[in-house]
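Read top to bottom, the protein sequences are chains B and S. Note that numbering that gives the first Met the number 0 numbers the first sequence so that position 41 is 40, with each residue one more than the last. Note that numbering that gives the first Met the number 0 numbers the second sequence so that position 130 is 129, with each residue one more than the last. All residues carry an ideal CB built from backbone N, CA and C; glycine is no exception.
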Amino acid sequence: MAPSSSTIVCPRCRSTTTSTRSKSPVAGVWTVFGCDTCFYTWRSTEPDVNTNPDKYPEVFRLNPADFLKLPEIPVIPPLRQKTSS
Amino acid sequence: MKCYKDFREFLSVLDQQGQLLHIKDEVRFEPDLVSAGAALAQIGDSAPAILFDNIAGCIDAQVAMNVHGSWPNHALALGMDKEASLKEQFFEFVRRFKLFPGELERVPTAPWQEVVVEKDINLFDILPLFRLNRGDGGYYIDKACTISRDPDDWDNDDVENVGVYRLMVQGPKRIAIQPVPQHDIAIHIDHAEARGEDLHIAISISNEPIILLMGATPLLYTQLEYKMAAVMQGEPYKVVKTAQGLDVPWGSEYVLEGRVLARQRTLEGPFGEFPGYYSGGHRYPIIEIDRVSHRKNPIYESVYVGRPWTELDFLQAMTTSAPIFIQLNKMFPEVVAVNALYTHGLVVIVSTRVRYGGFGKSVGMGVLTTPHGLGYAKFVIVVDEDVDPFNLNQVMWAISVRANPAGDVVIIPNLAENLLDPAGVPNGMSHKMILDATTPRAPDRRGDYGEVLDTPEQAEAWRAKLLPLIKALKK
């Protein structure tokens, strides 16, 4: 399923592929959001540095274009040849 | 020795022993829970565990932290007196470790099967998840056992694995897992991916206190953690088999069952890690959860990971020291004790009898060749047998008067080091240092040592007499 677009911007990667993950069992106290591009998660009641894209610290920011440059761990092994029995 | 049947029984023992603080005031997930965890770590090494059950926005969420986070709690986890010294805990841990293997006891049902969720799973609704450090990429399950089997050797219990890996919850039923290539689960994932198959796993959260310690112990690939837990608790370890054939602790609060998706990776991190620094982003395997089971009114357990010392350092203390001691002792029977408490053994202190000049340095080199030493031990301090390696005042005294930098510091260049050590150059490589603080022995005739002071002969008896008097003074 392709990530859907939302009006909520991810504080970390600024994508709009975000959705509501959970709402507080006591109505109206907090909402948890998540980003389907960088998988950042945040709660509405967290400080600005975690919830506001303009206040999110530069050092922790992510650019989706860089994802594939990150190391793949563990390395995916070659597929074994299937032996006929 | 004591066999706790489940997480709740251990919490109630902590409570009876004055080692559990129940916070009834309303708290917020962020920043209260981790702030309290950090504060307990600062308060010292006798701090209690903490239980929150009045969390803003929640109806019945319960979160326990710092459960292993002090020496009294660590001693109680081992079923020892809560005042047992570090040295006593070390020797008892080693004694039981050498009794391996114990036995598994398979039973058909467990309390964690009371509530089962198979449809519309949403981990964010089921688990009271929260942020640990402000730069973390998301909410982590960081104190759980992940259980897996080898798809190439499925029925072999001895290669079943129970490990503690960081788990980032990324979606309603999606988790990213960090399997370091040296860890046993990485072998299972590798075999499954070579076959092109998903790997079935189970994640158990909030357990009796021993199995998590075993999951954090560097055991051999063929040593099953449950069989080590059995000798640690003095009774067979009780497990329940899942439909997929994985053995899960009987005493868990939550059990998540799912699959590591074959040949897929996802962005994971950063996460505040044990050296006190964030580890950056990686592409790690993905777990999809198919089923969640839990007790009624479950209690969720988490560990605060921050700048050391925190609870994590207690979890990695004896579990790191004991295997190094046992391995080193095979090579050097003269070794008395090993303290690898500092940052998962990046610093190791060894006390040993010294047979002849230069012996201390050889023991230091021995540490560097143990399996854990290969990837961690960066500073090795060697002291004589009359120095308690767990007593830093004594260790500092030994360094002060028994070591001369001219001949007692050995630096070995460019050895392998843990990737998470931020000082590595390049990452994963480091020089290593042995500091020989043992007294020179013939034919090493350096220094001018007269007679060492001893302790007055009645000091032990006076200690026993004075301690209760001092305790009474404080009442």
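Best match in the options for proximity to residue i [C-alpha to C-alpha]
i               : options                           : result
K295 of chain S : S:R354, S:D59 and S:D24           : S:D59
F313 of chain S : S:V381, S:L340 and S:M167         : S:L340
P178 of chain S : B:L78, B:R79, B:Q80 and B:I72     : B:I72
E113 of chain S : S:H343, S:T342 and S:P297         : S:P297
E57 of chain B  : B:S5, B:R11, B:T6 and B:S4        : B:R11
I323 of chain S : S:V346, S:L419, S:V304 and S:A458 : S:V346
A76 of chain S  : S:Y355, S:R7, S:H21 and S:E117    : S:R7
V106 of chain S : S:T216, S:D156 and S:D246         : S:D246
V381 of chain S : S:D407, S:T369 and S:L373         : S:D407
D453 of chain S : S:D385, S:P150, S:A37 and S:P412  : S:D385
L128 of chain S : S:K118, S:V168 and S:P110         : S:V168
K81 of chain B  : S:D157, S:R194 and S:G257         : S:R194
Q522 of chain S : S:I176, S:W249, S:P370 and S:A242 : Shown here, chain S extends from 0 to 474; a query on residue 522 of chain S therefore has no answer.
D65 of chain B  : B:C37, B:N51 and B:D53            : B:C37
A48 of chain S  : S:T241, S:L19, S:V239 and S:A83   : S:L19
A83 of chain S  : S:E416, S:F389 and S:S292         : S:F389
V335 of chain S : S:E87, S:F9 and S:C57             : S:E87
Beta-carbon contacts of residue i that lie in its chain and below 8 angstroms, excluding the five residues immediately before and after
i               : result
M0 of chain B   : Note that M0 of chain B has pLDDT 46, beneath the 50 cutoff, so the model's placement of it is unreliable and no number is given.
M227 of chain S : F96, F99, P100, G101, M213, T216 and L218
T15 of chain B  : S4, S5, T6, I7, V8 and C9
D152 of chain S : V158
V115 of chain S : R290, V291 and S292
G17 of chain S  : P47
Spatial neighbours of residue i in its chain, beta-carbon cut-off 7 angstroms, leaving aside the 5 residues before and after
i               : result
S84 of chain B  : No answer about S84 of chain B holds up, because its pLDDT of 47 lies below 50 and its placement is not dependable.
L69 of chain B  : none
E25 of chain S  : N53 and A55
G268 of chain S : G136, S278, G279, G280 and H281
L198 of chain S : S147, P150, H187, I188, A191, R258 and V259
P63 of chain B  : C12, S14, T36 and C37
beta-carbon residue i near the ligand SAH non-hydrogen atom, thresh 7 angstroms
i              : result
S11 of chain S : The ligand SAH is not part of the structure shown, which contains no ligands of any sort.
Contact list for residue i against chain S, beta-carbon separation under 7 angstroms
i              : result
V48 of chain B : R133
R42 of chain B : F28 and E29
C37 of chain B : L266
V31 of chain B : F123
Anticipated Cβ contact below 8 angstroms, residue i with residue j, distance rounded
i               : j               : result
Q222 of chain S : F99 of chain S  : 7 angstroms
D183 of chain S : N160 of chain S : 4 angstroms
G305 of chain S : G271 of chain S : 7 angstroms
P274 of chain S : T342 of chain S : 6 angstroms
V31 of chain B  : S21 of chain B  : 4 angstroms
P250 of chain S : D14 of chain S  : Residue identity differs from the one stated: residue 250 of chain S is Gly in this sequence, not Pro. Contact flag wrong, Cβ pair sits at about 17 angstroms.
T309 of chain S : A40 of chain S  : 4 angstroms
F59 of chain B  : G359 of chain S : With 8 angstroms as the limit, F59 of chain B and G359 of chain S do not qualify as a contact, their Cβ atoms being about 45 angstroms apart.
L434 of chain S : F378 of chain S : 7 angstroms
Own chain partners of residue i with C-beta closer than 6 angstroms, once the 5 adjacent residues on each side are dropped
i               : result
A494 of chain S : Nothing in the structure corresponds to residue 494 of chain S, since chain S is present only between 0 and 474.
R462 of chain S : none
I410 of chain S : H430 and M432
L414 of chain S : K431
V92 of chain S  : The amino acid at residue 92 of chain S is misidentified as Val; the sequence shows Phe. Closer than 6 angstroms at Cβ, skipping near neighbours: M317 and A321.
R42 of chain B  : W29 and V31
I286 of chain S : I174, I176, G257 and V259
Chain-ordered neighbours of residue i on chain B, where CB pairs are closer than 7 angstroms
i               : result
C2 of chain S   : Chain B residues near C2 of chain S: none, gap ~36 angstroms exceeds 7 angstroms.
D189 of chain S : P73 and P76
R194 of chain S : R79
N475 of chain S : Chain S is shown only over 0 to 474; residue 475 of chain S falls outside these bounds and no answer can be derived.
R262 of chain S : I75
Contacts that residue i makes with chain B (C-beta to C-beta distance below 8 angstroms)
i               : result
P171 of chain S : R20
P248 of chain S : Going along chain B, no residue has its Cβ under 8 angstroms from P248 of chain S, so there is no contact; the nearest lies around 26 angstroms.
A525 of chain S : Coverage of chain S is limited to positions 0 through 474, which leaves residue 525 of chain S absent and any answer about it impossible.
P269 of chain S : F59
Cross-chain neighbours of residue i in chain S, by beta carbon under 9 angstroms
i              : result
P24 of chain B : G56, C57, I58, D59, A60 and D124
R60 of chain B : Going along chain S, no residue has its Cβ under 9 angstroms from R60 of chain B, so there is no contact; the nearest lies around 10 angstroms.
Contacts of residue i in chain S (Cβ-Cβ under 8 angstroms)
i              : result
P70 of chain B : H281 and R282
V28 of chain B : A55 and G56
Contacts that residue i makes with chain B (C-beta to C-beta distance below 9 angstroms)
i               : result
G136 of chain S : R11, C37, F38, Y39, T40, F59 and L61
P178 of chain S : I72 and P73
R130 of chain S : T40, W41, R42, E45 and N49
The region 23 to 39 of chain S contacting the region 274 to 287 of chain S, beta-carbon criterion three pairs below 8 angstroms: no
Pair every Cβ in the region 151 to 165 of chain S with every Cβ in the region 208 to 215 of chain S, then say whether three or more of these pairs are closer than 8 angstroms. yes
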